[in-house]
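Peer 1: Shown below is the structure under consideration.
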Amino acid sequence: MKVLVTGAAGFIGMHVAQLLLARGDDVIGIDNLNDYYPPALKRARLAELTPHRNFRFLEGNITDEAFLDQVFAAEKPRRVINLAAQAGVRYSLKNPQAYIQTNLVGFGNILEACRHHAVEHIVYASSSSVYGTNTHMPFSVQDNVDHPASLYAASKKANELMAHSYSHLYGLPTTGLRYFTVYGPWGRPDMSPWLFTSAILEGRAIDVFNYGKMRRDFTYIADIAEGTVRTLDRIATPNPDYDPARPNPASSHAPYRLYNIGNHSPVDLMVFIETIENALGITAKKNFLPIQAGDVLATYADVEALRQDVGFEPETPLQEGIAHWVTWYKSYAGV
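Right under this line is the structure:
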């Protein structure tokens, strides 16, 4: 089938597109190739996709309503995976407008295009950040998520609410995926694996926030890509057991679903650093610092709903995933 993937030059977008292409789908990729981090990395990812004859790339911005309408009218995608977003918790403190425009206005344009062009199913990226200041672990899609700790998190929560309104009003099947700390080959330069690895290899000290007292549910990119594609194949449906007197946040009377995608095995930050050190054979110099604004102390994914409905759960061990990451990074950086 023909699938439109927004953010196709991004970290997750490239891997999702590769998986779709490998199974024979036609993929239309959209990306604006912005300079949030070096566009050269995004173009290098695209170079992994363009040799496929069933891949077509269109440079453009999802905030451009006319551009999107032209793409949907011409390409007529059956399904959509929306991975285009302004990423990064900390950057949202510096440039909030980027999140308002891309994550809110842009996503609204995507929903409108899906509505008017008879798209069968849209899967979109949410984030574990929506759990905000919650301390109940593991994070469940049944939990209340009304206390975001950053504008980025708030924008992702807003995406879930916007999607539900379109599922309710227009019967558009929507599925939101709350990704948990994704890492692996072709990762982003602003994320900890890249920051730590590059600093260690160059002999620079790494910044360790909250003095290392943090935990993250690190999830390998191949698991994220497979979970995303498997979810795309399972079109969201109404929950026949939905009770409006006792609302279920992750489903509805409308064709609407939410899932966590995480490794359901949180790792101490110091253990994560040690795993990278072991893979590199180098001990890091460490600069211990207080927690940053917008950060949370821990993330931990409950993936029971994903396991039950989609028949999938991430399972790549950290040591294996970091080994793949380090091998790729050394090759890409010419180390």
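In terms of the working numbering, the sequence shown is residues 7 to 341.
We treat Cβ as the ideally placed atom computed from N, Cα and C, and that holds for glycine.
Which value, in whole angstroms, describes the spacing of the CA atoms of Q24 and A299?
Peer 2: Position 18 of the sequence shown, counting from 1, holds the residue named residue 24. Position 293 of the sequence shown, counting from 1, holds the residue named residue 299. Q24 and A299: Cα-Cα distance of roughly 35 Å.
Peer 1: Would you kindly check if the distance between the Cβ of G177 and the Cβ of D223 is under 9 Å?
Peer 2: As a working note, residue 223 is residue 217 in the sequence shown. As a working note, residue 177 is residue 171 in the sequence shown. No; because the gap between Cβ atoms is not below 9 Å, this pair is not in contact.
Peer 1: Please report the distance separating the alpha-carbon of F63 from that of P250.
Peer 2: Taking the first residue of the sequence shown as 1, we reach residue 63 at position 57. Taking the first residue of the sequence shown as 1, we reach residue 250 at position 244. Distance between the alpha carbons of F63 and P250 is about 43 Å.
Peer 1: Report, in whole angstroms, the separation of the C-beta atoms of S134 and R194, which I expect to be a contact under 8 Å.
Peer 2: Locating residue 134 in the sequence shown gives position 128, where the first residue counts as 1. Locating residue 194 in the sequence shown gives position 188, where the first residue counts as 1. At roughly 16 Å, the Cβ-Cβ gap does not stay under 8 Å, so S134 and R194 are not in contact.
Peer 1: For the beta strand (DSSP E) containing D32, name the first residue and the last one.
Peer 2: Along the sequence shown, one-based indexing puts residue 32 at 26. Unbroken beta strand (DSSP E) run through D32: D32 to D37.
Peer 1: Could you check the C-alpha separation between D32 and H122 for me, to the nearest Å?
Peer 2: The count along the sequence shown starts at 1 and reaches residue 32 at position 26. The count along the sequence shown starts at 1 and reaches residue 122 at position 116. Rounded to whole angstroms, D32 to H122 spans 21 Å at the Cα level.
Peer 1: Using a Cβ-Cβ cutoff of less than 6 Å, which residues in the same chain neighbour T289 once the five nearest sequence positions on both sides are dropped?
Peer 2: By 1-based counting over the sequence shown, the position of residue 289 is 283. Correct list, in chain order: E283.
Peer 1: So, at 7 Å on beta carbons, what are the nonlocal neighbours of A110 in its own chain, with the 5 sequence-adjacent residues on each side left out?
Peer 2: Position 104 of the sequence shown, counted from the first residue, corresponds to residue 110. A small correction: the amino acid at residue 110 is Leu; Ala does not occupy that position in the sequence shown. Excluding residues up to 5 positions away in sequence, S161 and A164 lie with their Cβ nearer than 7 Å to the Cβ of L110 in the same chain.
Peer 1: For L295, which residues in the same chain have their Cβ closer than 6 Å to its Cβ, ignoring the five residues on either side in sequence?
Peer 2: The residue labelled residue 295 in the question sits at position 289 within the sequence shown. Around L295: D213 and F215.
Peer 1: Exposed or buried, Y265, counting other C-beta atoms within 10 Å across all chains shown (16 or more means buried)?
Peer 2: Start at 1 with the first residue of the sequence shown, and residue 265 comes out as number 259. Flag for Y265 reads buried.
Peer 1: Give every residue of the same chain whose Cβ lies closer than 6 Å to the Cβ of D229, excluding the five residues on either side of it in the sequence, and list them in chain order.
Peer 2: Here residue 229 is taken as the residue at index 223 of the sequence shown, counted from 1. Excluding sequence neighbours, D229 sits near P320 and T322.
Peer 1: Between the beta-carbon of T181 and the beta-carbon of A119, is there less than 9 Å?
Peer 2: Within the sequence shown, numbered from 1, the residue matching residue 181 stands at position 175. Within the sequence shown, numbered from 1, the residue matching residue 119 stands at position 113. No.
Peer 1: What is the rounded straight-line gap between the Cα of Y217 and the Cα of T141?
Peer 2: Taking the first residue of the sequence shown as 1, we reach residue 217 at position 211. Taking the first residue of the sequence shown as 1, we reach residue 141 at position 135. Each residue's Cα considered, the two are about 19 Å apart.
Peer 1: Whole angstroms is fine: what's the gap from A131's alpha carbon to A339's?
Peer 2: Here residue 131 is taken as the residue at index 125 of the sequence shown, counted from 1. Here residue 339 is taken as the residue at index 333 of the sequence shown, counted from 1. Using only the alpha carbons, I get a separation of about 28 Å.
Peer 1: Mapping DSSP to helix, strand and coil, what is A131?
Peer 2: In the sequence shown, the residue the question calls residue 131 occupies position 125. Three-state result, A131: strand.
Peer 1: With a threshold of 16 other CB atoms inside 10 Å of the CB of N115, please say whether the residue is buried or exposed.
Peer 2: Translated into the one-based positions of the sequence shown, residue 115 becomes position 109. N115 comes out buried.
Peer 1: Using DSSP with H/G/I as helix, E/B as strand and the rest coil, what is E342?
Peer 2: Beyond the ends of the chain as shown, which are 7 and 341, falls residue 342; an answer cannot be given.
Peer 1: What's the call for V277, buried or exposed, on a 16-neighbour Cβ count within 10 Å?
Peer 2: On the sequence shown, position 271 is the one that residue 277 refers to. When all chains shown are included, V277 counts as exposed.
Peer 1: Taking the Cβ atom as the reference point for each residue, do Y248 and H270 lie within a distance shorter than 9 Å?
Peer 2: Taking the sequence shown and counting its residues from 1, one reaches residue 248 at position 242. Taking the sequence shown and counting its residues from 1, one reaches residue 270 at position 264. In this structure, the beta-carbon distance from Y248 to H270 does not fall below 9 Å.
Peer 1: Using the beta-carbon count (16 or more within 10 Å), is A285 buried or exposed?
Peer 2: Locating residue 285 in the sequence shown gives position 279, counting from the first residue. Around the CB of A285, 16 or more other CB atoms lie within 10 Å, so the residue is classed as buried.
Peer 1: Near A91, what residues of its chain come up, given a Cβ to Cβ distance below 7 Å and the 5 sequence neighbours on each side ignored?
Peer 2: As a first step, residue 91 is located in the sequence shown; it is residue number 85 there, counting from the start. Cβ within range, chain order: G13, T108, N109 and A131.
Peer 1: Give a yes or no on whether the C-beta atoms belonging to F318 and R236 are separated by under 9 Å.
Peer 2: Residue numbering aside, residue 318 sits at position 312 when the sequence shown is read from its first letter. Residue numbering aside, residue 236 sits at position 230 when the sequence shown is read from its first letter. Yes; because the gap between Cβ atoms is below 9 Å, this pair is in contact.
Peer 1: For H330, I'd like the list of residues in its chain whose CB is within less than 7 Å of its CB, leaving aside the five on either flank, ordered along the chain.
Peer 2: Counting from one through the sequence shown, the residue named residue 330 turns up at place 324. Same-chain partners within the cutoff: G190 and P191.
Peer 1: Between which residues of its own chain and H174 is the CB-CB distance below 8 Å, once the five residues before and five after are set aside?
Peer 2: The count along the sequence shown starts at 1 and reaches residue 174 at position 168. Answer for H174: S258, H259, A260 and Y262, listed in chain order.
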